[in-house]
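Down below is the structure, laid out as structure tokens.
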């Protein structure tokens, strides 16, 4: 029996699994050029937005799509709804996801083994899922137009061309692109059946004009069908679907490191305690400069990340550059790694009994692990708790409700509303097992989804004090739908969620009671082994104004008791 799981992960931060898709509206309008800096013009006179675009396009020119994505995502936080930045982000996302697919062994198996009929059946199943479960009624013409725009980008991408059209001239490919544009523009696509027929026609046209496999064309349309819906819906290859389930379980096979692309190498941000990487001597601040003899300078982030991955029990050779400039070769065994969702628990003020812990995500084991940690802190004299949700991307909807229920006696925790009544639900608190000590919750711009459900419920019930900066503002629920072919699946937005006082989260987030500027927070987006963006709070060694403010808030709470 197929499993359907409700997730409330942010698109920007997914721990140890594949990145989620971002919206790609307007992909046909990708000819934007950043404002040029006049020769001799002082750099200080250049608008910051122009410098942002200039830097982004420099990354694009080097085909560093993952870094370009992070760059544009960060920029859009500073310049919301900037059309030029959104265009560049859309284009980068298409290139980035295409590169990921063609580095994905399960996707390449599908290309090699799936017939045209099977590919069309898979596309039809994706359209049926959208019609049956998506939060809004699908606009079929818009969906096909978006997918055609993504297909056009693929036809010009060197990765796609190298795999599928190595012997054709660019002129031949461009003629086909123009023909597809002309035909699609004239079509009226009223339902999913017509959409399927349109894609079948384009696939056969590609075979006739270019000798391009029909399966290749259909799978491009299949992958693009969901990402045009919203920032959080996406097609999942078989390997990506398995990674999602590993994420839900809280474990994966790998080295146990969190890293980000930086200056032609992979910067180690953290080695998980007890992981193969830590046992091998890899530490935060090190850089991986080679993987199995290949320099990371010559690899994209995704290519390097794919080389790091492998089956349990196998080994990978890495060249590690230490901060002091010394390079050392290491042989690391890939093993099962448990990802802790509850971390950093400690007493920060022994006299007053102020405890601290952070939740890194809301996975299957979180509620159980949190219970264990709370009882441990209680035995150490906990009288007040600071719960850190900074950088927490979200997770399982049911788990977020269960965690809120540990601190709220009764009443509504969150409600969901979808297109059909089966998606409308009210989640209420139950009083047994409630912890009643004073509570301070830390949030920032990377606290999203399930984190916002928690912070919003604490705020609306006046159960604690929220400290930090405004949260991300992600207010939708995604269902995971396995598909019948190729072991693939969909992540599909099925509902929107609302706070106990019926306040939306989407685009709004949760405002803290005590604001501490984001500039004082050391948490930054990071990239993990799979090349995905994650978020983490500051390390204990770094100055942390937000935590300092939280400790003072906890002291004030205790003084009033």
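Residue numbers (my numbering): 10 to 570. For every residue, glycine included, the Cβ atom is placed at its ideal position computed from N, Cα and C. On a predicted model such as this, the values are computed, not experimentally measured, just so you know.
Residue i: buried (16+ other C-beta within 10 angstroms of its C-beta) or exposed?
i, result
"residue 204", "buried"
"residue 503", "buried"
"residue 121", "exposed"
"residue 335", "exposed"
"residue 89", "exposed"
"residue 295", "buried"
"residue 355", "exposed"
"residue 373", "buried"
"residue 557", "exposed"
"residue 552", "exposed"
"residue 469", "buried"
Please return the same chain residues whose Cβ sits closer than 6 Å to the Cβ of residue i, not counting the five positions on each side in sequence.
i, result
"residue 97", "65 and 81"
"residue 164", "182 and 186"
"residue 233", "156 and 159"
"residue 216", "223"
"residue 324", "340 and 342"
Kindly give me the distance between the Cβ atoms of residue i and residue j, rounded to whole angstroms, as I take these residues to be in contact under 8 Å.
i, j, result
"residue 135", "residue 357", "At roughly 49 Å, the Cβ-Cβ gap does not stay under 8 Å, so residue 135 and residue 357 are not in contact."
"residue 274", "residue 297", "6 Å"
"residue 352", "residue 367", "5 Å"
"residue 461", "residue 518", "6 Å"
"residue 424", "residue 506", "7 Å"
"residue 153", "residue 207", "6 Å"
"residue 227", "residue 212", "5 Å"
"residue 398", "residue 450", "6 Å"
"residue 359", "residue 402", "Rounded, the Cβ-Cβ distance is 32 Å, inconsistent with contact."
"residue 266", "residue 286", "5 Å"
From residue i to residue j, what distance separates their C-alpha atoms?
i, j, result
"residue 244", "residue 416", "36 Å"
"residue 513", "residue 455", "17 Å"
"residue 239", "residue 145", "10 Å"
"residue 484", "residue 251", "25 Å"
"residue 571", "residue 361", "In the structure as shown, the chain begins at 10 and stops at 570. Residue 571 is therefore absent and cannot be evaluated."
"residue 78", "residue 515", "21 Å"
"residue 62", "residue 420", "47 Å"
"residue 363", "residue 392", "6 Å"
"residue 93", "residue 384", "51 Å"
"residue 434", "residue 524", "32 Å"
"residue 231", "residue 143", "16 Å"
"residue 330", "residue 341", "15 Å"
"residue 418", "residue 378", "20 Å"
"residue 74", "residue 472", "43 Å"
"residue 210", "residue 465", "49 Å"
"residue 314", "residue 149", "36 Å"
"residue 85", "residue 91", "7 Å"
"residue 71", "residue 319", "27 Å"
"residue 69", "residue 167", "13 Å"
"residue 301", "residue 316", "8 Å"
"residue 254", "residue 388", "34 Å"
Along the alpha helix (DSSP H) that carries residue i, what are the first and last residues, could you check?
i, result
"residue 125", "125–142"
"residue 66", "57–70"
"residue 285", "285–289"
"residue 388", "375–388"
"residue 169", "167–173"
"residue 210", "201–219"
"residue 88", "Note, residue 88: premise wrong, no alpha helix (DSSP H); not H, not E."
"residue 251", "247–258"
"residue 354", "Note, residue 354: premise wrong, no alpha helix (DSSP H); beta strand (DSSP E) at 351–358."
"residue 558", "554–568"
Within the same chain, show all residues whose beta-carbon is closer than 7 Å to that of residue i, passing over the 5 residues directly before and after it, in chain order.
i, result
"residue 338", "326 and 328"
"residue 376", "408, 411 and 412"
"residue 247", "115, 495, 496 and 497"
"residue 260", "345, 346, 347 and 348"
"residue 138", "490, 499 and 501"
"residue 172", "111"
Residues in its own chain within less than 8 Å of residue i by CB, not counting five upstream and five downstream?
i, result
"residue 175", "none"
"residue 521", "452, 475, 476, 477, 478 and 479"
"residue 568", "none"
Between which two residues does the beta strand (DSSP E) holding residue i run?
i, result
"residue 451", "448–452"
"residue 105", "Unbroken run through residue 105 is the alpha helix (DSSP H), 92–110; no beta strand (DSSP E)."
"residue 122", "Careful: residue 122 lies outside any beta strand (DSSP E), inside the alpha helix (DSSP H) at 114–122."
"residue 503", "498–507"
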